[in-house]
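Q: Dropping the structure in here first, questions after.
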Amino acid sequence: MDEGNIRKLQPRERLDRCITILKNSNDESMRWDAVWLAGEIAEVVDPKDPIYDEVADLMCWVLENDDNGVVKHEAAFQIAARNMRKKIPDLVNSALNDESVLVKHESLESLGLMRAFEAKELITKALTDPDLAVSTTAVFVLKRFARLENTESVYKPYKIL
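Just so we're aligned, residue 242 is where the sequence shown starts under my numbering, counting upward by one.
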């Protein structure tokens, strides 16, 4: 996954390299790797560091601009895995409007993982999605919310690495 030794780079240089790959590579497997490698930056920098927000913005750029559902799926996962709560509206947008069933599903699942209770009303719109995978994921997320909403449980991402 890191044949270019991108992990050895400092966060700024690493992010710049990932951006270049994401915006210029025709190889979706390389773009997927770049999403993952950029997402890892969020584990090594403080969430108050501006580069953390740049990583989050990049994940949303991928959701909006990449043409591959698997790459966009990974961006949605990274948003949830790194608990990038400012990007909840972007996940909702992808869950309701993306052309890819895979992306809609992962965006909904990510909202559930993040316990994005504030998006509950919007998530209910996915209940009528014509694709069974999307509508059943919406049912799952809403059931999870109903179970967790009145608890004091808070989502805390765990280190993936």
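We treat Cβ as the ideally placed atom computed from N, Cα and C, and that holds for glycine.
Closer than 7 angstroms by C-beta to Glu295: which residues in its own chain qualify, once you throw out the five before and the five after it? Chain order, please.
A: Leu256
Q: Could you check how far apart the C-beta atoms of Trp277 and Val312 are, in whole angstroms? I think they sit under 8 angstroms.
A: The Cβ separation is near 10 angstroms, so there is no contact.
Q: At 4 residues or longer, and completely inside the region 337 to 392: list those alpha helix (DSSP H) runs for me, N to C.
A: 342 to 354, 361 to 364, 373 to 389
Q: Given a cut-off of 8 angstroms on the beta-carbon distance, is the pair Ala297 and Ile320 in contact?
A: yes
Q: Considering Cα atoms alone, identify which of Ala275, Lys264, Asn267 is closest to Gly245.
A: Looking at Ala275, Lys264, Asn267, the one whose alpha-carbon comes closest to that of Gly245 is Ala275.
Q: Starting from the C-beta of Ser348, find all residues in its chain whose C-beta is less than 6 angstroms away, skip the five residues before and the five after it, and write them out in chain order.
A: Ala317, Leu332, Ser335, Ala336
Q: When the Cα atoms are used, what is the spatial distance from Thr377 to Lys366?
A: If you take the alpha carbons of Thr377 and Lys366, they lie about 12 angstroms apart.
Q: Would the beta-carbon of Cys259 fall within 8 angstroms of that of Ala279?
A: yes
Q: Going straight from the alpha carbon of Met355 to that of Met271, what length do you get?
A: 27 angstroms
Q: Relative to the alpha-carbon of Arg323, which residue among Lys345, His346, Thr369, Leu352 has its alpha-carbon at the smallest distance?
A: Leu352
Q: Taking the alpha-carbon of Asn309 as reference, which of Leu343, Leu299, Pro291, Asn338 has the nearest alpha-carbon?
A: Leu343
Q: Starting from Leu250, follow the alpha helix (DSSP H) in both directions and report where the run begins and ends.
A: Taken as a continuous stretch (DSSP letters only), Leu250 belongs to no alpha helix (DSSP H), as it is neither H nor E.
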